[in-house]
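Just so you know, we're using full-length UniProt numbering here: the sequence shown kicks off at 1 and counts up by one.
Heads up, the beta-carbon is just placed ideally off N, CA and C, and yes, glycines get one too.
Everything below concerns the one structure shown next.
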Amino acid sequence: MSDSFQEVTSVSWFGRIKRAVGGVIFGLLLIVLMVIGLFWNEGRAVQTARSLAEGAGAVVSVGADSVDAANDGKLVHLSGPATADSGLSDPDFGIAAQGLRLSRDVEMYQWKEESKSETTKKLGGGEETVTTYSYSKVWNDSQIDSSGFKKPDGHQNPPMAIHGRTFQIPEGKLGAFTLDTPVLDRIEGDKDYSLSPDRSAAIKAAYTGAKPLSIVDGKIYLGADTTTPALGDYRIGYELAPLGVVSIVARQAGSRFEPYQTVAGDQLLMVDTGTVPADKMFAEAVSANTLITWLLRAAGLLLLTIGFALFLAPIGVILDVIPFLGSMARMGTGIIAFFLAILVGTTTIAIAWFWYRPVLAAGILAAGVIAAAAVYYLGRSRKAAASAVAPSTGT
Numbered sequence: 001m002s003d004s005f006q007e008v009t010s011v012s013w014f015g016r017i018k019r020a021v022g023g024v025i026f027g028l029l030l031i032v033l034m035v036i037g038l039f040w041n042e043g044r045a046v047q048t049a050r051s052l053a054e055g056a057g058a059v060v061s062v063g064a065d066s067v068d069a070a071n072d073g074k075l076v077h078l079s080g081p082a083t084a085d086s087g088l089s090d091p092d093f094g095i096a097a098q099g100l101r102l103s104r105d106v107e108m109y110q111w112k113e114e115s116k117s118e119t120t121k122k123l124g125g126g127e128e129t130v131t132t133y134s135y136s137k138v139w140n141d142s143q144i145d146s147s148g149f150k151k152p153d154g155h156q157n158p159p160m161a162i163h164g165r166t167f168q169i170p171e172g173k174l175g176a177f178t179l180d181t182p183v184l185d186r187i188e189g190d191k192d193y194s195l196s197p198d199r200s201a202a203i204k205a206a207y208t209g210a211k212p213l214s215i216v217d218g219k220i221y222l223g224a225d226t227t228t229p230a231l232g233d234y235r236i237g238y239e240l241a242p243l244g245v246v247s248i249v250a251r252q253a254g255s256r257f258e259p260y261q262t263v264a265g266d267q268l269l270m271v272d273t274g275t276v277p278a279d280k281m282f283a284e285a286v287s288a289n290t291l292i293t294w295l296l297r298a299a300g301l302l303l304l305t306i307g308f309a310l311f312l313a314p315i316g317v318i319l320d321v322i323p324f325l326g327s328m329a330r331m332g333t334g335i336i337a338f339f340l341a342i343l344v345g346t347t348t349i350a351i352a353w354f355w356y357r358p359v360l361a362a363g364i365l366a367a368g369v370i371a372a373a374a375v376y377y378l379g380r381s382r383k384a385a386a387s388a389v390a391p392s393t394g395t
C-alpha cells in the first residue's frame, strides 16, 4: 500500500479571472525586469570582454622561485606546485589528510514529500485540481522541513545534528609566493577521498555521538543497519583538493596576489590547475564569458515568454466558459507570447549593442545595408538583362 493521499480543490470562473488579473501585473513586472536584465547582460559581456583583452595585453609571465619587486602592481602569470605548511583535519571524526581543502559531505535519511497535480476545466469556466501527495524516505544533504508537509503526521523528520563542513589551509605556498584564501578558494580539482576500514578505530575514538559507526564503501555510516537505513541515519563522505601544480593570473602585491583592477571595469584573478599558459587562461575566460552571455540571453527570452503568457492569460480564462475555446485561445496566446518575447528580446539586445558597441554595431548595420543594396541592384540588373533579350512580339 503506497504512502500517499489525494486532495481535491476547486476554483470558480470568477476566482480564476481574479487570479489571472493578478498574473497580468506579475507578467508586466517580469517583462520590465527581463528587458532591463537583457540590456544589462550585454553591458556585462562587453565590460568583461574588454577587461580580458586589456589583461591579455598587460600580463607578464614571472617565475615562482623569487619575488621581483619590480613587478609589484602588475598583472602577472606564474605556474608551480602549491604546498602547505600544515595538514587538514576534521576533529569531529578524527580524519586527517594532506591537501589544500577537505570537504565533509553529509546526508541524512529522512522523509520527502512529492506532489503531482492534474487540473480539469469544467463547463462554465471553473477548474478542479486533484493533487496527489506521496511520501518516501531518501538520502538528502540538507534538512527537509517536515512541518510544512501536507500530511506531517507520521512523516516527522528528526533534526539534522551533523552538517557538511569545509576545512581549508589558511595559507599555502607557490615557490616564494604566499597563497591567501581568495586564491585558495578558486583552486578546483576536488576528488573523492575514500576512507579505508582500517581507519575505523581512530574515527570511532574521535566520534562522540551515540549512533553505531561503521565504514561502508569508503564513507562513514552512522546507524544500526547499513543495508536497511533507518530514519535519522547518516552517510558521511569526504572530498579532497590535493596539492599539485596551479597557474595564477593576478596582481602581484609583494609576495601575495590580489585582484587586478582593469580600466575597463572588471577585476581579474584567475586560478587554474596544472601548468596552463597565460594565453590559454585568457582564451578559456573569453569562452566562459561567451557561454554565460548566451545562457543569460536564453534565460531572459524564456522569462519574457512567461511574462507575455501571463499578460495574455485572462483571454484563455474568459473563454474557458467553454473549455474547448479556452484551450484554443491558450494555444494562440502561447504562440503570440513566444513571438513577442523574440521581438522584444532581440530588439533590446540590438539597442544594447548600439549603446555599448556603437562602432561595431554601426559597422554591422552598414554591411547589412550594403549587402541588401547589392542584392537589390543585382536583381534589377538581371531583370533588365532578361527584358533586353526577350523576343519582341508583333503582327
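message: Can you look up residue 228 in the DSSP assignment and give me helix, strand or coil?
response: coil
- prompt: Helix or strand or just coil, what does DSSP make of residue 18?
  reply: helix
message: At the level of alpha carbons, what is the spacing between residue 208 and residue 257?
response: 41 Å
task: State the DSSP-derived secondary structure class of residue 46, mapped to helix, strand or coil.
output: helix
- prompt: Taking just the CA atoms, how far does residue 38 sit from residue 356?
  reply: The straight-line gap from Cα to Cα measures roughly 13 Å.
task: Grab the span of the beta strand (DSSP E) containing residue 220 for me, first residue to last.
output: DSSP places residue 220 inside the beta strand (DSSP E), whose first and last residues are 219-222.
message: Give me, in chain order, the residues of the same chain whose beta-carbon lies closer than 8 Å to that of residue 259; leave out the 5 immediate sequence neighbours on both sides.
response: 182, 250, 251, 267, 268, 269
message: DSSP three-state label for residue 289, please.
response: helix
message: For residue 183, report the span of its alpha helix (DSSP H) as first-last.
response: 181-184
message: residue 341 and residue 295 - do their beta-carbons sit closer together than 8 Å?
response: no
- prompt: Hey, how far is the Cα of residue 203 from the Cα of residue 134?
  reply: The alpha-carbon atoms of residue 203 and residue 134 are separated by roughly 38 Å.
query: Which one of 272, 30, 336, 216 has the shortest CA to CA distance from residue 196?
result: With respect to the C-alpha of residue 196, the residue from 272, 30, 336, 216 having the closest C-alpha is 216.
query: What are the complete alpha helix (DSSP H) segments, minimum 4 residues, inside the stretch 283-328?
result: none
query: How many angstroms separate the CA atom of residue 106 from the CA atom of residue 162?
result: 7 Å
- request: Could you pull out every residue in the same chain whose Cβ sits closer than 6 Å to the Cβ of residue 301, ignoring the five residues on either side in sequence?
  value: 341, 345
- prompt: Got a sec? Which residues, its chain only, sit under 6 Å from residue 98 by beta carbon, not counting five neighbours each side?
  reply: Here residue 98 has 87 as same chain residues with Cβ atoms under 6 Å from its own Cβ, once five neighbours each way along the sequence are excluded.
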